[in-house]
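A.B. asks: At position 468 of the sequence shown the residue is numbered 471 (my numbering), and the sequence of numbers has no breaks.
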Amino acid sequence: MEPLSSTKHNNNLSKPSSLHTEAPPPEASPLRKIMVVASIAAGVQFGWALQLSLLTPYVQLLGIPHTWAAFIWLCGPISGMLVQPIVGYHSDRCTSRFGRRRPFIAAGSLAVAIAVFLIGYAADLGHMFGDSLAKKTRPRAIAIFVVGFWILDVANNMLQGPCRALLADLCAGDHRKTRNANAFFSFFMAVGNVLGYAAGSYSGLHNVFPFTKTKACDVYCANLKSCFFLSIALLLTLSTIALTYVKEKTVSSEKTVRSSVEEDGSHGGMPCFGQLFGAFRELKRPMWILLLVTCLNWIAWFPFLLFDTDWMGREVYGGTVGEGKTYDRGVRAGALGLMLNSVVLGATSLGVEVLARGVGGVKRLWGIVNFLLAVCLAMTVLVTKMAQHSRQYTLLPNAHQEPLPPPAAVKAGALALFSLLGIPLAITYSIPFALASIFSSTSGAGQGLSLGVLNLAIVIPQMVVSVISGPWDALFGGGNLPAFVVGAVAAAASGILSIILLPSPPPDLAKAATAAGGGFH
Numbered sequence: 004m005e006p007l008s009s010t011k012h013n014n015n016l017s018k019p020s021s022l023h024t025e026a027p028p029p030e031a032s033p034l035r036k037i038m039v040v041a042s043i044a045a046g047v048q049f050g051w052a053l054q055l056s057l058l059t060p061y062v063q064l065l066g067i068p069h070t071w072a073a074f075i076w077l078c079g080p081i082s083g084m085l086v087q088p089i090v091g092y093h094s095d096r097c098t099s100r101f102g103r104r105r106p107f108i109a110a111g112s113l114a115v116a117i118a119v120f121l122i123g124y125a126a127d128l129g130h131m132f133g134d135s136l137a138k139k140t141r142p143r144a145i146a147i148f149v150v151g152f153w154i155l156d157v158a159n160n161m162l163q164g165p166c167r168a169l170l171a172d173l174c175a176g177d178h179r180k181t182r183n184a185n186a187f188f189s190f191f192m193a194v195g196n197v198l199g200y201a202a203g204s205y206s207g208l209h210n211v212f213p214f215t216k217t218k219a220c221d222v223y224c225a226n227l228k229s230c231f232f233l234s235i236a237l238l239l240t241l242s243t244i245a246l247t248y249v250k251e252k253t254v255s256s257e258k259t260v261r262s263s264v265e266e267d268g269s270h271g272g273m274p275c276f277g278q279l280f281g282a283f284r285e286l287k288r289p290m291w292i293l294l295l296v297t298c299l300n301w302i303a304w305f306p307f308l309l310f311d312t313d314w315m316g317r318e319v320y321g322g323t324v325g326e327g328k329t330y331d332r333g334v335r336a337g338a339l340g341l342m343l344n345s346v347v348l349g350a351t352s353l354g355v356e357v358l359a360r361g362v363g364g365v366k367r368l369w370g371i372v373n374f375l376l377a378v379c380l381a382m383t384v385l386v387t388k389m390a391q392h393s394r395q396y397t398l399l400p401n402a403h404q405e406p407l408p409p410p411a412a413v414k415a416g417a418l419a420l421f422s423l424l425g426i427p428l429a430i431t432y433s434i435p436f437a438l439a440s441i442f443s444s445t446s447g448a449g450q451g452l453s454l455g456v457l458n459l460a461i462v463i464p465q466m467v468v469s470v471i472s473g474p475w476d477a478l479f480g481g482g483n484l485p486a487f488v489v490g491a492v493a494a495a496a497s498g499i500l501s502i503i504l505l506p507s508p509p510p511d512l513a514k515a516a517t518a519a520g521g522g523f524h
């Protein structure tokens with residue numbers, strides 16, 4: 004493969020790299036250390052699962068209409084576009100006695116805990132500062148929620164980027180272990196998803212924390228708050244174990260200063276963005292194709308990831324936010340579907356290597372699962388039409404009609420779609436990052452900055468989807484189906500480009516080829 008930049012850098016060579024930031028370790032770390040670091044993903048993804056399953060309905064309960072709810076999610080891509088390159092650059096050059104990546108992981112974990120607290124208590128704090136519970140819109144609660152959400156996304160980027168970079172450091176250029184490390188990261192993301200969606204689908208969790216239900220925070224809000232308490236405990240526990248057990252070699256300040264003088268002197272402003280833009284200028288065709296396929300892939304994913312439980316509550320169950328119990332039942336059913344999705348995701352993550360060999364390579368596997376993603380997104384239209392055709396209503400005491408839950412066949416069809424989508428999601432969480440890590444092993448950008456480049460191919464589509472999905476859906480009369488259809492088209496395009504244009508990764512080096520017998524040690 005062509006390198007990302009013209010600066011030559013090979014982790015398997017004994018001579019110093021042009022970056023002068025760190026001499027490569029003599030051999031890859033034991034797989035058990037890689038697994039411990041990868042387990043942090045379970046704590047991160049627990050909170051992320053709660054966001055995806057519960058926060059879109061939550062912001063609408065705070066008074067933000069569906070059309071504008073998508074703009075809340077702009078926080079993530081904007082912070083990711085800025086934070087990932089900065090954190091990646093500085094973690095590549097950090098000279099702390101605790102290591103390069105560990106200080107950022109620790110700071111990110113604490114920031115996540117603070118942000119989750121603000122989000123969970125947004126309604127209570129808003130009421131304390133003057134929000135009227137009689138009004139549908141709570142502006143102070145919304146402001147606190149948005150601040151907490153911004154902090155959460157900044158913290159997630161501060162945490163996940165260095166965590167993946169630390170995994171790449173521990174693999175020490177071993178391509179096979181790099182793929183396995185990303186597969187383990189994907190597996191633990193699935194574990195976090197299962198825990199998060201299971202917590203989100205259980206409506207009685209607030210009974211474990213009875214103090215969470217207040218005058219300003221109803222049962223739904225109290226359940227969300229209780230889930231976030233569990234999220235904080237899990238993340239801090241896993242991060243503490245990983246940071247205590249896995250040590251890093253420090254980088255001398257002398258080498259870092261020399262590296263900065265040699266590489267950053269030609270860039271004005273912030274050197275990390277100078278290197279980032281320089282890396283884009285130096286990108287060769289294979290890496291551009293990887294970024295394009297990743298971009299289309301995430302254009303397909305984001306509409307469903309943002310509005311999957313809302314789709315269950317609105318289109319499948321026929322409910323309305325804040326009216327009756329039907330919508331809440333649909334959201335909980337969606338959380339159950341996401342839990343099933345995560346079980347399939349975890350199982351698939353452990354079999355990525357086998358699947359890739361079975362279909363003839365990782366690029367073909369990525370293309371095939373993108374076609375599966377396109378079919379599943381298109382099938383949401385059929386499930387919605389079936390639900391609408393079979394809709395029945397019951398008359399409430401106040402003379403209002405409330406939709407009954409959909410027939411078992413419709414609900415089973417929707418849950419089957421959730422489950423099947425776990426297969427392409429497992430590939431999306433592993434293969435692009437593994438390819439980026441392998442490509443960066445022959446570039447001068449460093450693991451942190453190279454993953455920051457790939458992150459732009461993820462956050463830019465999220466920005467596009469967040470801006471246009473609400474107005475786009477409103478253009479067709481509301482609902483989530485128009486954005487899902489666009490996602491299906493993008494997934495099909497991504498699959499075609501992956502199979503036809505995306506090059507296969509370079510053959511493993513000799514040391515990676517002989518690593519198969521290592522197993523867990």
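For every residue, glycine included, the Cβ atom is placed at its ideal position computed from N, Cα and C.
1. Mind checking H209: buried by the 16 CB within 10 Å criterion, or exposed?
2. What are the boundary residues of the beta strand (DSSP E) that includes E405?
3. Which residue from L198, V355, V492 and S433 puts its Cα closest to that of A2?
4. Using only the alpha-carbon positions, how far apart do A381 and N483 sit?
5. Classify Y396 as helix, strand or coil using the three-state DSSP reduction.
6. For the stretch 183-193 against the stretch 345-355, do three or more pairs of beta-carbon atoms, one drawn from each stretch, fall closer than 8 Å, so that the two count as touching?
7. Could you spell out the range, first to last residue, of the alpha helix (DSSP H) harbouring S501?
8. Could you give the distance in angstroms between the alpha-carbon of G321 and the alpha-carbon of P485?
9. Exposed or buried, what is E326 when buried is set at 16 or more other beta-carbons lying within 10 Å of its beta-carbon?
10. Starting from T243, trace the alpha helix (DSSP H) in both directions and tell me its first and last residue.
11. So the candidates are F436, A390 and S82; which of them puts its Cα closest to the Cα of K366?
12. Once DSSP output is grouped into helix, strand and coil, what is the label at E326?
13. Note down, in chain order, each residue of its chain lying with its Cβ closer than 6 Å to the Cβ of A26, except the 5 sequence neighbours on either side.
14. Let me confirm a value: A589 is counted as buried when at least 16 other C-beta atoms fall within 10 Å, else exposed. Which label applies?
15. Quick one: which unbroken alpha helix (DSSP H) runs of 4-plus residues sit fully inside the stretch 87-151? Chain order, please.
16. Short of 6 Å in beta carbon distance, which residues of its chain neighbour L368, apart from the five on each side in sequence? Order them along the chain.
17. On the DSSP letters alone, give me the boundaries of the alpha helix (DSSP H) that A412 sits inside.
18. Where does Y205 fall in DSSP's three states?
19. Expressed to the nearest angstrom, what Euclidean distance is found between the alpha-carbon atoms of A491 and A419?
20. What residue range does the alpha helix (DSSP H) around L358 cover?
21. Return the Cβ separation of G370 and S189 in integer angstroms, given the expectation that the two are a contact with Cβ distance under 8 Å.
22. If you compare alpha carbons, which of L309, L385, A338 and M315 is closest to I471?
23. If you compare alpha carbons, which of D95, R104, T387 and A45 is closest to A412?
C.D. replies: Reading from the atomic positions:
1. buried
2. Q404 to P406
3. The question about residue 2 has no answer, for the chain in this structure spans 4 to 524.
4. 12 Å
5. strand
6. yes
7. L484 to I503
8. 17 Å
9. Exposed, since its Cβ has fewer than 16 Cβ neighbours within 10 Å.
10. From DSSP, the alpha helix (DSSP H) with T243 extends over V222 to Y248.
11. F436
12. strand
13. Note on A26: pLDDT 48, under 50, position unreliable in the model; no value is reported.
14. There is no way to answer for residue 589, as the model of the chain reaches only from 4 to 524.
15. Given a length threshold of 4 residues, each whole run of the alpha helix (DSSP H) inside the stretch 87-151 is given here in chain order: 105-123 and 125-131.
16. L358, A359 and V362
17. A411 to L423
18. coil
19. 17 Å
20. V355 to V362
21. Incorrect: roughly 18 Å between the Cβ atoms, too far for contact.
22. L309
23. Answer by Cα proximity: T387.
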